[in-house]
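**Q** Residue 2 is where the sequence shown starts when you use this note's numbering, and the numbers rise one by one after that. Let me begin by handing over the structure; questions about it come next.
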Amino acid sequence: MKKVFCSVAVALSLAACGSTQPTSPTSTTAPMAQVKPVASYTLQSLLDEIWAYEMSVSPYLAKSRGQKTQRALEDISESGLAEQAAQYKAFMSMLNEINSEELSHSENISLLMQKYRLQNYIDSYTFKEYLVPITAEYGFHSAIGNSASNTKIKTDEQLNSYMMLLSEIPDYFAQQIAYMKEGMRVGQVQPKAVLKGFEESVSAFIAETPEDSLFFSPFANMPDSLKTDRDMSEAKAEIEKVNQAYVDFYHFLSDEYIPEAKRDISVKTWPNGEAFYQNRIKHFTTTDLTAKEIHEIGLAEVARIRAEMQEIVDALEFDGDINEFIEFLRTDPRFYAQTPEDLIITASYIAKQMDAQLPKLFKKLPRTPYGVEAVPDSIAPKYTTGRYISPSSDDRPGYYWVNTYALDKRPLYALPALTLHEAVPGHHLQISLAAEMDELPDVRRSTYISAFGEGWGLYSEYLGLEVGIYEDPYDNFGRLSYEMWRACRLVVDTGMHMFGWSRDKALSYMMENTALSEHNVRTEIDRYISWPGQALSYKIGEIKIKELRKKTELALGEKFDVRDFHDAVLAHGSVPLFVLEQNIDQFIEDNR
């Protein structure tokens, strides 16, 4: 704390020294227009201080920026979490003291973004999210395991760093289990319905011998010059302890947590559950919409999209109604890849097709490349159909993950929309451009606002229409099905968590209105149950971006250039939707 207040005090004194009023128009003192207000110095100092603090408590964040760390895993002890929450509250108090009227437009965005990020840390602690460190598709054990599989050891420093990670894992797992037991005591647990088979994601990391463990692979591939009998002996001993931590977690899940998990699916029954859900709505949508308002928006969007889907069915002269057409799509073998390699190759081809169309839609493109990979086998069975994975460091690409598990549930007609959403012009383009904005503070380049990012991803699916990515009616129906999928989320997420919907009712609603396979629908429903509110961000964000585009087209008429509009949307990185609207209003004014 002393360091924080000291640096802010220095900033204030420097600003005060530079704010002397000129004595006359002919004075040699710099004009006031060239002198930064006190608020600017204070803000910049605080942003730097907060970022430095975040890197000090998040080894993952520090490593992604090439910084050395004193720990391999974050301190999640009760005292550690309490200290972090207190520090974040102190930072928030100092940010609230800044006079925003003295800041530039960009500085005000930075202030809002920093508050948004801090508020989420504070809310997460207040609502005790740490008691539930798993969702239906992911957990801390998978994150650590995947981190190990991506580790390469080429130097003594990297060897020591990896050994530190191995040594910290057992205590880290023990603390997570303790939190989950506390969650069981107070009724803050995941529902039993979403945890069927979850223990298999843990057993995937359990090995018979240290040499068979995924955690041994970095040692097996490191240079011989680093290998000594002592190092290998210590490595195997640490891996045995890590393996035991996974065994203990597996038995805890199988014997205690899953059997005793709650029977209902609503987050409303958690302690302060209704307030938590409204908090998640605000966080994920950056709006003040209520659950009821979002539910109604979803119902209206479902009706609109279903009418467009019916037009395609009619144009194809299909002998049956829309639900029979959906069943035909789900069951006809022509719409499915025969091997995992076929699915990856098709996704890669679509991605390259879109790469070639980007200059028609953007003037500014990112430097960072991306690859296409399969979702890791250890998590694929309960994982979503695809996802974008940001670069873990500045010498790594981004990755578009495609789920190759259960190929008969991964329809090819949906692959164009998925690719545009997760790769380009969706998440890879938007996230990479933000990360490369060197003039912006770190908080702006690194904070992901779901309503903006996921809204952009869904809007990106729509852009495929404008550049010919959807080559036949089936592909376009797949796009509409994906849009319908996001519209249904507004209905079923709010329905299950706030309005008493059962899991079966949500499943039936999704099966009736989307062309997703039953496996995908079940996976998605379980995701919404275990990650309340996140699914609301997609449609709410996309609706706002489309609304702003229409507004800009009407205002600028023949002067409208879609490339300039897209660059303007992405120009400030990830921002709340109300800030995006301010930015586009200014863009319209500047281009009239």
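Note that CB positions come from ideal geometry on N, CA and C, so glycine has one too.
Where do the N-terminal and C-terminal ends of the beta strand (DSSP E) with Ile135 fall, by residue?
**A** Membership of Ile135 in any beta strand (DSSP E) is not indicated, and neither H nor E is assigned to it by DSSP.
**Q** Closest to His567 by C-alpha separation, out of Lys37, Gln177, Ile546, Phe92, would be which residue?
**A** Ile546
**Q** To the nearest angstrom, report how far apart Ser394 and Ala316 are at their CA atoms.
**A** 48 Å
**Q** Straight-line CA distance for Gln22 to Leu113?
**A** Note on Gln22: pLDDT 35, under 50, position unreliable in the model; the coordinate value appears next. Rounded to whole angstroms, Gln22 to Leu113 spans 30 Å at the Cα level.
**Q** Could you tell me whether the stretch 471-479 touches the stretch 519-535, where touching means 3 or more Cβ pairs closer than 8 Å?
**A** no
**Q** Note down the Cα distance separating Ala194 from Asp439, rounded to an integer number of angstroms.
**A** 45 Å
**Q** Measuring alpha carbon to alpha carbon, tell me which residue in Gln68, His520, Ala435 is nearest Thr448.
**A** Ala435
**Q** Entirely within the stretch 149-211 and at least 4 residues each: give me those alpha helix (DSSP H) ranges in chain order.
**A** Every alpha helix (DSSP H) stretch that sits fully inside the stretch 149-211 and reaches 4 residues is listed by chain position as 157-187, 201-204.
**Q** Does the contact criterion of 3 or more C-beta pairs under 8 Å hold for the stretch 255-266 versus the stretch 422-437?
**A** no
**Q** Please report the distance separating the alpha-carbon of Asn521 from that of Asp172.
**A** 35 Å
**Q** Taking 7 Å as the limit between beta carbons, can you name the residues of its chain near Gly146, skipping five residues before and five after?
**A** Phe206, Leu215, Ser379
**Q** List in chain order: all unbroken alpha helix (DSSP H) runs of 4+ residues lying wholly within the stretch 65-118.
**A** If you keep only unbroken alpha helix (DSSP H) runs of at least 4 residues inside the stretch 65-118, you get 79-97.
**Q** Could you give the distance in angstroms between the alpha-carbon of Ala34 and the alpha-carbon of Lys560?
**A** At Ala34 the pLDDT is 49, less than 50, meaning the model places this residue with poor confidence and gives no usable figure here.
**Q** Can you check whether the CB of Ile266 is closer than 8 Å to the CB of Pro192?
**A** yes
**Q** What residue does the beta strand (DSSP E) around Gly372 start on, and which one ends it?
**A** 371-375
**Q** What separation, rounded to the nearest whole angstrom, lies between the Cα atoms of Lys90 and Val58?
**A** Those two C-alpha atoms are separated by around 15 Å.
**Q** Counting only beta-carbon separations shorter than 8 Å, does Phe217 have a partner in chain C?
**A** No chain C is part of this structure, which consists of one protein chain only.
**Q** For Tyr389, list the residues DSSP reports as bridge partners.
**A** Tyr401
**Q** If contact is defined by three or more beta carbon pairs under 8 Å, each pair taking one atom from either stretch, is the stretch 226-243 in contact with the stretch 198-213?
**A** The stretch 198-213 is in contact with the stretch 226-243.
**Q** Between which two residues does the alpha helix (DSSP H) carrying Lys37 extend?
**A** From DSSP, Lys37 is part of no alpha helix (DSSP H); its letter is neither H nor E.
**Q** Quick one: what's got a C-beta closer than 6 Å to Met485's C-beta in the same chain, skipping five residues either side?
**A** Ile306, Asn514, Thr515
**Q** Please report the distance separating the alpha-carbon of Leu441 from that of Leu48.
**A** One C-alpha to the other measures close to 11 Å.
**Q** From Glu75, Lys37, Val576, pick the residue whose C-alpha is nearest to that of Ser105; which is it?
**A** Lys37
**Q** Here's a check: name, in chain order, each residue in its chain whose Cβ is nearer than 8 Å to the Cβ of Asn404, leaving out the five neighbours to either side.
**A** For Asn404, the CB contacts under 8 Å within the same chain, skipping 5 residues up- and downstream, are Ala375, Val376, Ala381, Tyr384, Thr385, Thr386, Gly387, Arg411 in chain order.
**Q** Would Ala73 and Met223 qualify as a contact pair, given that the criterion is a beta-carbon distance under 8 Å?
**A** no
**Q** Residues in its own chain within less than 8 Å of Ala292 by CB, not counting five upstream and five downstream?
**A** If we look at Ala292 and ignore the five residues flanking it on each side, its Cβ neighbours are Tyr278, Gln279, Ile282, Thr495, His498, Met499, Phe500.
**Q** Strictly by DSSP, which residues pair up with Pro412?
**A** Partner(s): Tyr337.
**Q** Tell whether a beta-carbon distance below 8 Å holds between Trp271 and Gln177.
**A** no
**Q** Measure the alpha-carbon distance for Asn97 versus Tyr54 and round it to whole angstroms.
**A** Using only the alpha carbons, I get a separation of about 18 Å.
**Q** Quick one, which of Gly81, Asp565, Asp443, Ala179 has its alpha-carbon nearest Glu108's?
**A** Asp443
**Q** What is the DSSP secondary structure of Lys361, counted as helix, strand or coil?
**A** helix
**Q** State the Cα-Cα distance for the pair Leu481 and Lys153, rounded to the nearest angstrom.
**A** 42 Å
**Q** DSSP three-state label for Lys263, please.
**A** strand
**Q** Please report the straight-line C-alpha distance between Ser531 and Leu227, rounded to a whole angstrom.
**A** 44 Å
**Q** Start and end of the alpha helix (DSSP H) containing Glu553?
**A** Position check: residue 553 holds Thr in this sequence, whereas Glu was assumed. Run containing Thr553: 538-557, per the alpha helix (DSSP H) assignment.
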